[in-house]
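In what follows, a single structure is set out as structure tokens and then discussed.
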């Protein structure tokens, strides 16, 4: 399946769990990052307490987040792994509390099938898997059984990668999509995330940004997760917590290349930048061809 440039910005529905849905295309959508961890790379420890995490999520929703992505295990390079029980201890009270907020859409950032099952049962609407459904493939069956959407991410960690970063995207996503379809996940429940920063150096990340339009050949809406990543620090000289302006610049660039959803730490900055990008997209689509 392939998506034309115009279709990238045309309305299409992403179906989530619990009969929720969100329209993609004409307006960019924001996924707010909520790390309920002590060691995430830019905000570790800030939201470790459940009540603080819930308050932070509500602030992000008020600032314009369409989805809150809750994670209980840091995915930064070199982070200490945590047990499934510890991951669940961190995130479940937050999910349970936020699930009572009408209109709040919840994503769980996990690769573990059992954590996904518990989170979806507690009120989450989608799964964000940084291992692309490949580390514990049963996670796809759980998503399908509860009607949840999935964000399937590309990673270069712990494997041989192709020299061409776009070719490697296709090589990675082929088995991921096969897992999803065999489990019964519908195409309108899938987001693809090219995995900026995951075993990719600055040059590879920039090449992926420059060639982002090639990823529309998958035919699925694309999620961009550049927020505060190391390559932005390399470009700006900023520490992780001070990379929100650089992040917003990447969000705008990727929106103009057709990204649909943006996973970010600072919702307000990116909301404003993406409002400008959305207006540019709509102006371009309305413009009549000039003869001559």
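Numbering (the numbering used here), first residue to last: 1 to 292. Yeah, the Cβ is synthetic: ideal placement off N, Cα and C, and Gly gets one too.
To the nearest angstrom, how far is it from the Cα of residue 79 to the Cα of residue 287?
-> One C-alpha to the other measures close to 49 Å.
What's the gap between the Cα of residue 35 and the Cα of residue 163?
-> Within the model, the alpha-carbon separation for residue 35 versus residue 163 is close to 32 Å.
Cβ-Cβ separation, residue 150 to residue 185 (assumed contact under 8 Å), whole Å | With a Cβ gap of about 6 Å, residue 185 and residue 150 count as contacting.
Starting from residue 59 and walking both ways along the alpha helix (DSSP H), at which residues does that stretch end?
-> Segment 50-63, the alpha helix (DSSP H) holding residue 59.
Work out the CA separation of residue 229 and residue 123 for me, nearest whole Å.
-> In this structure, the straight-line span from the alpha carbon of residue 123 to that of residue 229 is close to 29 Å.
Excluding sequence positions up to five away, which residues of its chain have a Cβ less than 8 Å from the Cβ of residue 276?
-> Excluding residues up to 5 positions away in sequence, 252 lie with their Cβ nearer than 8 Å to the Cβ of residue 276 in the same chain.
Collapsed DSSP secondary structure at residue 187 in the structure displayed | In the three-state reduction of the DSSP assignment, residue 187 falls in the helix class, which pools H, G and I.
Hey, how far is the Cα of residue 2 from the Cα of residue 213?
-> Caution is warranted here: a pLDDT of 47 is assigned to residue 2, below 50, making its placement in the model unreliable, and no coordinate value can be reported.
Tell me residue 109's beta-bridge partners as DSSP assigns them.
-> Its beta-bridge partners are 71, 128.
Around the C-beta of residue 115, are 16 or more other C-beta atoms found within 10 angstroms, so that it is buried, or is it exposed?
-> The residue in question, residue 115, is buried, as its Cβ has 16 or more Cβ neighbours within 10 Å.
Mind the definition here: the stretch 174-193 touches the stretch 6-18 only if three or more C-beta pairs lie below 8 Å; say whether that holds.
-> Yes, the stretch 174-193 touches the stretch 6-18.
Where does residue 23 fall in DSSP's three states?
-> Note: residue 23 maps to strand in three-state DSSP.
Helix, strand or coil at residue 2 according to DSSP, with G and I counted as helix | Confidence is the limiting factor: at residue 2 the pLDDT is only 47, short of 50, which leaves the residue's position unreliable, though a coordinate-based value still follows. Coil, per DSSP.
For residue 119, which option in 146, 131, 135, 136 has the closest C-alpha, if you only look at C-alpha atoms?
-> Ranking 146, 131, 135, 136 by Cα distance to residue 119 puts 146 first.
Just how far apart, CA to CA, sit residue 143 and residue 129?
-> Rounded to whole angstroms, residue 143 to residue 129 spans 11 Å at the Cα level.
Once you ignore the five residues that flank residue 125 on each side, which residues in its own chain have a CB closer than 8 Å to its CB?
-> For residue 125, where only same-chain residues beyond five positions count, the Cβ hits under 8 Å are 16, 17, 18, 20, 67, 105, 106, 107, 148, 149.
The stretch 230-239 touching the stretch 262-280, judged by at least three CB pairs closer than 8 Å = Segments in contact, no.
Going straight from the alpha carbon of residue 154 to that of residue 250, what length do you get?
-> Taking the straight line joining both Cα atoms gives about 18 Å.
Less than 8 Å separating the beta-carbons of residue 84 and residue 112?
-> Yes, the pair counts as a contact, with Cβ atoms nearer than the cut-off.
Taking C-alpha atoms, which residue in 127, 247, 134, 70 lies nearest to residue 300?
-> Given that the chain is displayed from residue 1 to residue 292, the structure contains no residue 300 and the question cannot be resolved.
Given that a residue counts as buried once 16 or more other Cβ atoms are within 10 Å of its Cβ, and exposed if not, what is residue 121?
-> With fewer than 16 other Cβ atoms from the protein chains shown falling within 10 Å of its own Cβ, residue 121 counts as exposed.
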